[in-house]
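S.K.: Residue numbers (the working numbering): 5 to 273. We put the CB at the ideal spot given by N, CA and C, even for glycine. Values in this document were obtained by computation on a predicted structure and should not be read as measured data. Here it is, the structure, as structure tokens.
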Amino acid sequence: MSARSEARADMAMSGDGHCPMLEYRGLTVSYGELLAVKDVSFSVERGEILCIIGPNGAGKSTLLRMTSGLLKPSGGQIWLEGRRIDTMPAYQIAALGSTQVFQDIQLFSNMSVLDNVMTGAHVWTDGGLVGTGLRLSRAVSEERRIRHVAVDQLAKVGLSGVLHEFPSELSWGEQKLVGLARALLCKPTLLLLDEPYGGLDTEEIERLSALLRMLRSRGMTILMVEHLTDVVMDIADRVVVLHYGEKIAEGTPAAIRENEQVISTYLGD
Ligand SMILES: Nc1ncnc2c1ncn2[C@@H]1O[C@H](COP(=O)(O)OP(=O)(O)O)[C@@H](O)[C@H]1O
Ligand SMILES: [Mg+2]
């Protein structure tokens with residue numbers, strides 16, 4: 005049994021039989037004196053794109069980091085498909101199918117675009133090692149298979165032309181798409197994106213939106229932090245608004261646009 009299916013084997017349903025993809029229950033975290041996330045509760049349903057918006061410092065990235073297990077909450081709980089994950093280490097949460105793309109992407113500068121994307125496969129391969137470990141793997145046929153999937157994934161994000169270039173030779177927008185392609189190689193069921201549109205040009209924005217819509221149509225759940233409100237209103241099924249660590253609104257893009265508190269504290273700026 006793979007790590008992922010093993011980790012899912014003892015899934016528990018909530019009392020009413022409804023089991024959201026992801027659920028935050030009274031989530032709270034502080035950095036020393038600073039309360040960065042305060043008693044936040046909401047759910048993300050399977051197959052939706054939910055966007056978290058809010059001004060700088062609202063606690064959006066902190067919330068994503070907790071979801072990936074990179075930071076532990078000081079209060080509250082996080083549930084992924086009926087399993088409590090805030091007590092789990094990050095690798096175990098990843099094995100459940102959650103993959104995060106960070107704001108600063110963190111590509112390996114000494115590896116080609118293709119090799120960078122191939123490292124994403126470490127979640128589901130037995131070779132199990134990131135980076136150069138893949139090259140040392142005895143499983144040559146496995147590596148060939150991963151290479152094939154990576155090439156295919158890079159084609160889907162429109163980067164077939166730069167497979168053998170290094171990250172420093174790409175535009176920032178292209179590097180972000182490489183980071184996304186690498187994340188998709190993890191075969192996530194839940195994709196966490198921190199400001200994926202930041203620094204993209206108009207064409208790259210459209211390419212990314214088309215890709216995210218395609219992933220949603222295939223059943224992937226996407227939780228995204230983004231401050232480009234036009235893009236959010238266009239692509240989100242639902243929006244959660246954070247302000248100084250508190251959830252001040254939640255609803256469809258249309259409802260959020262008309263929410264008085266959101267307009268006065270955020271959108272009105
Ligand atoms: N590692 C950290 N140590 C101390 N304070 C932090 C740290 N990371 C974030 N913060 C603070 O926590 C608050 C929320 O930050 P963050 O989650 O990055 O907000 P956002 O992503 O919404 O801009 C901010 O006030 C920020 O300065
Ligand atoms: Mg942030």
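Is Tyr-35 near ligand 1 - that is, is its Cβ less than 7 Å away from at least one heavy atom of it?
M.R.: Indeed, a heavy atom of ligand 1 lies less than 7 Å from the Cβ.
S.K.: With distance defined between alpha-carbon atoms, name the residue in Glu-262, Tyr-248, Val-244 and Ile-252 nearest to Glu-27.
M.R.: It is Val-244.
S.K.: Identify which residue in Cys-23, Glu-250 and His-231 has its Cα closest to the Cα of Gly-202.
M.R.: Minimum Cα distance to Gly-202 is reached at His-231.
S.K.: Expressed to the nearest angstrom, what Euclidean distance is found between the alpha-carbon atoms of Glu-169 and Glu-207?
M.R.: So the alpha carbons of these two residues sit roughly 21 Å apart.
S.K.: Do Thr-71 and Asp-41 have their beta-carbon atoms positioned less than 8 Å apart in this structure?
M.R.: Note that residue 41 is Val in the sequence shown here, rather than Asp. For Val-41 and Thr-71, no; Cβs fall outside 8 Å.
S.K.: May I ask you to report which of helix, strand or coil DSSP gives Glu-254?
M.R.: Here Glu-254 sits in strand by DSSP.
S.K.: Measuring alpha carbon to alpha carbon, tell me which of Leu-39, Ile-56, Phe-46 and Gly-51 ends up nearest Thr-233.
M.R.: Residue Ile-56 is the option with its Cα nearest to Thr-233.
S.K.: What distance in whole Å lies between the Cβ atoms of Ile-150 and Met-122, which are believed to be in contact at a cut-off of 8 Å?
M.R.: Right, their Cβ atoms sit about 5 Å apart.
S.K.: Does the distance from the CB of Leu-174 to the CB of Val-161 come in under 8 Å?
M.R.: For Leu-174 and Val-161, no; Cβs fall outside 8 Å.
S.K.: Under a Cβ-count criterion, where at least 16 other Cβ atoms within 10 Å of its own Cβ denotes burial, should Asp-238 be classed as buried or exposed?
M.R.: Exposed is the call here.
S.K.: Whole angstroms are fine: how far does the CA of His-126 sit from the CA of Gly-132?
M.R.: Because Gly-132 carries a pLDDT of 49, less than 50, the predicted location of this residue cannot be relied on, and no value is offered for it.
S.K.: From Ala-7 to Glu-264, what does the alpha carbon distance come to, in whole angstroms?
M.R.: Confidence in Ala-7 is poor, its pLDDT being 48 and thus under 50, which makes the residue's placement too unreliable to answer from.
S.K.: Taking the C-alpha atoms as reference points, what is the distance between Leu-31 and Arg-148?
M.R.: Spanning the two alpha carbons is a distance of roughly 43 Å.
S.K.: Taking Cβ positions, are Val-105 and Ala-187 nearer each other than 8 Å?
M.R.: Yes. Within cutoff.
S.K.: Give me, in chain order, the residues of the same chain whose beta-carbon lies closer than 8 Å to that of Ser-34; leave out the 5 immediate sequence neighbours on both sides.
M.R.: The residues are Ala-40 and Ser-78.
S.K.: Thinking C-alpha only, which one of Ile-252, Ile-226, Ala-62 and Met-92 is nearest Val-48?
M.R.: The residue with the shortest Cα to Cα distance from Val-48 is Ile-226.
S.K.: When we look at the beta-carbon of Pro-93 and count the other beta-carbons within 10 Å, is it buried (16 or more) or exposed?
M.R.: Classification of Pro-93: exposed, given that the 10 Å Cβ count is below 16.
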